[in-house]
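Novice:
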Amino acid sequence: MRIKEIMTPTVISIRSDQSLLEVRELMLSNNLRRIPVTDKEGLLMGIVTDGDVSRATPSDASVLDRYEANYLLGKLKVSDIMTKSVWTVRESDSVETAAYLLYTHKVGALPVVDGTNHITGIISDTDIFKAFVDIMGYNQTSTKVVIDTKDKVGVIAELSQIFTERGVNIISILSRTLAGDEREVTIRADLTQAMDIVERIRDAGYDIKEVSTLRVEAGHEG
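Counting from 112, one number per residue, gives the positions in the sequence shown under the working numbering.
Spelled out as structure tokens, the structure:
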């Protein structure tokens, strides 16, 4: 899955010479947590977050009244508080790349830019969560089968063959390394009419750790 498929293409941006009062009002009126900063040509210059604005805003314990606080925010500029060094991605990058950057750099969103640093979109942690739900098939009724196995060649192919022979389409399959040479394989499929496949997997010599069914209308597995 590419970033272009899940990013928000219409981006509200702000210029570095605008005031913090303008930024705050823009965030409140559009329910935004961060706003990219661009020049008049649309080139990315930085980013400002609600945290940046909060830290620059006088607290409720301040002796300043509301009008004085707004006057102060009107004097401060975006350039005074924005982050100038911004991690970015391209539309053609994978969703995994965006997730890795968000996780390792502890940021909530990444501007999407083209080859000339013009902003073409933005991707947030919420977009990544949605993509994960879609990829894992968690938005449809399905059964999850978690299998403990050895880390060896052919396991995925063998398990897939069991589903193929039973005429069941796999929605998603995930494999992760455990301790030593152990692996955990999680398969999600619609087993509404094919729960016997669980026994077929056991008969093939696999240890089934968990079987749970997600019903979308219920919103949880059981």
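Note that CB positions come from ideal geometry on N, CA and C, so glycine has one too.
All values derive from a computational prediction rather than experimental measurement.
State the DSSP-derived secondary structure class of D171, mapped to helix, strand or coil.
Specialist: With a pLDDT of 49 at D171, under the threshold of 50, the predicted position of this residue should be treated as unreliable, though the coordinate-derived value follows. Coil.
Novice: Please work out which residues of its chain come closer than 6 Å, Cβ to Cβ, to I117, disregarding the five sequence neighbours upstream and downstream, and give them in chain order.
Specialist: So the list reads D238 and A242, once near-sequence residues are dropped.
Novice: Taking the CB atoms as reference points, tell me whether L221 and V189 lie closer together than 8 Å.
Specialist: For L221 and V189, no; Cβs fall outside 8 Å.
Novice: Measuring CB to CB, does I267 end up less than 8 Å from I284?
Specialist: Closer than 8 Å, so yes.
Novice: Might you give, ordered along the chain, the residues of its own chain that have their beta carbon closer than 8 Å to the beta carbon of I281, omitting 5 neighbours on each side?
Specialist: S271, F274, I298, R299 and A300, listed in sequence order.
Novice: Can you name, in chain order, every residue of its own chain whose Cβ lies under 8 Å from the Cβ of R126, other than the five neighbours on each side?
Specialist: Around R126: V148, T149, D150, K151 and V189.
Novice: How many angstroms separate the CA atom of V309 from the CA atom of T194?
Specialist: Each residue's Cα considered, the two are about 52 Å apart.
Novice: Taking contact to mean 3 or more Cβ pairs, one atom from each stretch, closer than 8 Å, check whether the region 138-145 and the region 208-215 are in contact.
Specialist: As far as the Cβ criterion goes, the region 138-145 does not touch the region 208-215, which means the pair count is below three.
Novice: Let me make sure I understand the geometry here. Which of E269, E321, T254 and D292 has the alpha-carbon closest to that of Q304?
Specialist: Of the listed residues, the one whose Cα sits closest to Q304 is T254.
Novice: Report the option in F240, L325, L154 and R294 whose CA atom is closest to the CA atom of V264.
Specialist: When only C-alpha atoms are compared, the closest one is R294.
Novice: Which word fits T121, buried or exposed, when buried means at least 16 other C-beta atoms lie within 10 angstroms of its C-beta?
Specialist: So T121 counts as exposed.
Novice: If you reduce the DSSP assignment to three classes, tell me which class A210 lands in.
Specialist: Residue state, collapsed to three classes: helix.
Novice: Determine the DSSP secondary structure at V266, reduced to helix, strand or coil.
Specialist: Three-state DSSP puts V266 in a helix.
Novice: At the level of alpha carbons, what is the spacing between V244 and T215?
Specialist: Each residue's alpha carbon lies about 21 Å from the other.
Novice: Kindly give me the distance between the Cβ atoms of L131 and A167, rounded to whole angstroms, as I take these residues to be in contact under 8 Å.
Specialist: The Cβ separation is near 6 Å, so the contact holds.
Novice: Label S235 either buried or exposed according to how many other C-beta atoms from any shown protein chain fall within 10 Å of its C-beta, with 16 as the threshold for buried.
Specialist: Looking at its Cβ environment, which holds 16 or more other Cβ atoms inside 10 Å, S235 is buried.
Novice: Mark I72 as exposed unless 16 or more other C-beta atoms lie within 10 angstroms of its C-beta, in which case mark it buried.
Specialist: The question about residue 72 has no answer here: the residues shown for the chain are numbered 112 through 333.
Novice: Taking the alpha carbon of I233 as the point to measure from, which residue in I158, E269, T324 and S286 has its own alpha carbon closest?
Specialist: It is I158 whose Cα lies nearest to the Cα of I233.
Novice: Could you tell me whether the Cβ atoms of I114 and V224 are closer together than 8 Å?
Specialist: For I114 and V224, no; Cβs fall outside 8 Å.
Novice: Just curious, the alpha helix (DSSP H) that L131 is in, first and last residue?
Specialist: L131 -> alpha helix (DSSP H) spans L131 to N141.
Novice: Assign T227 to one of two classes, buried (16 or more other C-beta atoms within 10 Å of its C-beta) or exposed (fewer than that).
Specialist: So T227 ends up on the exposed side.
Novice: Roughly how many angstroms separate the alpha carbons of V134 and M156, rounded to a whole number?
Specialist: Their backbone Cα atoms lie some 15 Å apart in a straight line.
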